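Beneath this line is the structure, given in structure tokens, with notes to follow.
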Amino acid sequence: MAQSGISANRLELLQIADAVAREKSIDRTLVLSAMEDAIQKAAKSRYGSENEIRAEIDPRTGEIRLSRLLEVVERVTLDATEISLKDAKKRNPEAEVGDFIAEPLPPLDFGRVAAQNAKQVIVQKVREAERERQFEEYKDRMGEIVSGIVKRAEYGNVMIDLGRAEAIIRRDETLPRENYKLGDRVRAYVYDVRRENRGPQIFLSRTRPEFMAKLFAQEVPEIYDGIVEIKSVARDPGSRAKIAVVSKETSVDPVGACVGMRGSRVQAVVNELQGEKIDIIQWSGDPATFIVNALAPAEVAKVVLDEESERIEVVVPDEQLSLAIGRKGQNVRLASQLTGWDIDILTEAEESERRQKEFAERTAAFVNALDVDEMIAQLLVSEGFASVEELAFVDAHEVASIEGFDENTAQEIQERAREFLERQEAELTEKRRALGVDDELAEVPGVTTAMLVAFGENNIKTVEDLADCATDELAGWTERAHGQTKQNPGILQGFDLSKSDIEHLIIAARVKAGWIEAPEEPEEEAVEADILDDGSTPEAHEDERVEAESHEGAEAEAHEEGGTHAQSQEKAL
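Quick note, the sequence shown lines up with residues 6 to 578 if you use the numbering used here.
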């Protein structure tokens, strides 16, 4: 093609440039530029590579003009590329040092070798221009669904012809048991476009959650219009998926919109994903409600949230356990991915057994610490006391109000509790000193003697050592890999501290060490509220009422299950 173009007349040269531009979908000027480069290369081989030669093709007439560029200098050191200022002024009186003088060259008669070289240059330049065009076109289409035809399959990877470019679906991005034949039409999600030496690499996927979200956007007009929003998607590609949706208008049911009339909309997505089962979930801003919805079709009796570590304990009826967990843990795993929470599944029997065990452990702790009989210890646990510290410093009337107790009994129990804490504090202090923990570390606000012992056992013995700690090192952290969750304990795990508490502890240590200045306390804004006759606010009374109801409910439940009392936040559904 290029050889015939070079030897053709001017009109044919332009016709060839137009044809190549249309065929490769690139700019005509890029094709003409490639031809100019080819002619320049051929001319250099004819006149000598030391010459600086330029070729120009008139885009209107096709005329080829060759010229040699000479730089204007004071003193000529290379005749092939330089010309003296004196000689340059003879040709152009306005010439200055640093300018270039174009010296016309006679038309070039291409030989076979020169024509072949020119053809290679044109082909290379056109290929580069085509690759750049493909990259510029598809880099802005990341996150979209494209359609193409299977071109070939290599070692499980599938090459897709998109018409104006070629893309690849890697083996791990294809659905299981999905076989592709030459000529099959495929839809996939563009997740990456890279510029590489061999041309732009366009990577497609049929397994990513974004692919399902885009399919629903194509099938459900409410999603496309922004009325219904997809909050999250979790997939076990080729088997099962869960998608959480929410409506921005109360009159629109998001789940119904995604299902469609007689399931037509969701069925279209299922068919595209080779029969993958899809659960459409109503999203909720309340984590407990959202997680209960996500575990559908299993029924949930109760949930216990731990918002600090983003873990949730779900209690289900015994007969619902296998349904909640799903085959090979699929249902609970997808629900965890969908919500972003770690989910532990317990049956009602397991929860009752655990609560009874906790009750027995707390009872034994009170018996040993207070030197009281088991019945008194059980009464204390039934009333909601979880630790000796809580019992020692609570208002005496709360202890005396327990059925069968009087003020003298309450006073005696609290004195024993304080004596136990004093003995425990002395033992911990002695142990802390034996570990070599500095006394100055005890002055950091929020640090207890028990913490000092834990610090000493982990080689944290000075204020600087504590100041140098990271939050995760003290609080622990969670690792997620291959669908499994691993909990790594921290130094202060078991001290009932939130991550925020531990962050304040580290900041206090850094202030104590002189590393940073103490942060300024935020100014409290005055809040307007209605004042009742007793000087309190309606909100305060409401809080007291809710607290009282929670206490009564917990008490009733504790007596029913043998006196157990849960200290976690619970929500019955």
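Virtual Cβ for every residue (Gly too), placed ideally from N, Cα, C. All figures in this text were calculated on a predicted structure; none of them were measured in a lab.
Quick check: residue i and residue j, are their CB atoms within less than 9 Å of each other?
i	j	result
residue 79	residue 86	no
residue 250	residue 287	yes
residue 71	residue 180	no
residue 511	residue 476	yes
residue 220	residue 165	no
residue 350	residue 386	no
residue 375	residue 407	no
residue 262	residue 228	yes
residue 73	residue 61	no
residue 170	residue 133	no
residue 317	residue 311	yes
residue 299	residue 343	yes
residue 472	residue 457	no
residue 225	residue 270	yes
residue 253	residue 231	yes
residue 152	residue 211	no
Drop a sphere of 10 angstroms on the beta-carbon of residue i, count the other beta-carbons inside from all chains shown, and report buried for 16 or more, exposed for fewer.
i	result
residue 1	Outside the shown range of the chain (6 to 578) lies residue 1, about which nothing can therefore be said.
residue 247	buried
residue 364	buried
residue 55	exposed
residue 129	exposed
residue 19	buried
residue 336	buried
residue 517	buried
residue 368	buried
residue 398	exposed
residue 197	exposed
residue 416	exposed
residue 549	Low confidence applies here, because residue 549 scores a pLDDT of 44, under 50, leaving its location unreliable and the question unanswered by this model.
residue 419	buried
residue 492	exposed
Could you tell me the distance, in whole angstroms, from the CA atom of residue i to the CA atom of residue j?
i	j	result
residue 352	residue 167	52 Å
residue 294	residue 424	45 Å
residue 454	residue 433	6 Å
residue 195	residue 174	10 Å
residue 537	residue 400	Reliability fails at residue 537, whose pLDDT of 45 lies under 50, so the model's placement of it is uncertain and the value that follows must be treated cautiously. Straight-line Cα distance between these residues: approximately 26 Å.
residue 213	residue 306	33 Å
residue 481	residue 265	45 Å
residue 183	residue 215	19 Å
residue 43	residue 33	16 Å
residue 137	residue 99	41 Å
residue 308	residue 285	21 Å
residue 110	residue 46	14 Å
residue 451	residue 506	9 Å
residue 4	residue 474	Within the shown structure, residues of the chain are numbered from 6 to 578, placing residue 4 beyond reach of any answer.
residue 358	residue 296	24 Å
residue 159	residue 51	46 Å
residue 355	residue 172	52 Å
residue 466	residue 144	54 Å
residue 509	residue 442	20 Å
residue 106	residue 82	16 Å
residue 328	residue 135	54 Å
residue 411	residue 405	5 Å
Relative to the alpha-carbon of residue i, which residue among the options has its alpha-carbon at the smallest distance?
i	options	result
residue 345	237, 520, 203	237
residue 372	329, 398, 422	422
residue 501	517, 519, 479, 516	479
residue 340	48, 35, 319, 271	319
residue 90	82, 83, 101	101
residue 163	257, 192, 148	192
residue 245	281, 211, 217, 231	281
residue 463	492, 491, 431, 498	498
residue 241	217, 256, 259, 260	217
residue 513	445, 64, 69	445
residue 112	95, 253, 49	49
residue 69	26, 94, 97, 38	38
residue 260	413, 108, 235, 276	235
residue 389	426, 378, 377, 403	403
residue 2	395, 292, 205	In the structure displayed, the chain extends from 6 to 578; residue 2 sits before or after that span and is not available.
residue 496	524, 459, 200	459
residue 66	22, 94, 27	22
Tell me, please, which residues DSSP counts as bridged to residue i.
i	result
residue 194	150, 210
residue 473	In DSSP, residue 473 forms no bridge with anything.
residue 105	76
residue 59	72
residue 172	165, 207
residue 493	482
residue 88	77
For residue i, decide whether its Cβ has a neighbour in chain B, counting only Cβ atoms nearer than 9 Å.
i	result
residue 200	No chain B is part of this structure, which consists of one protein chain only.
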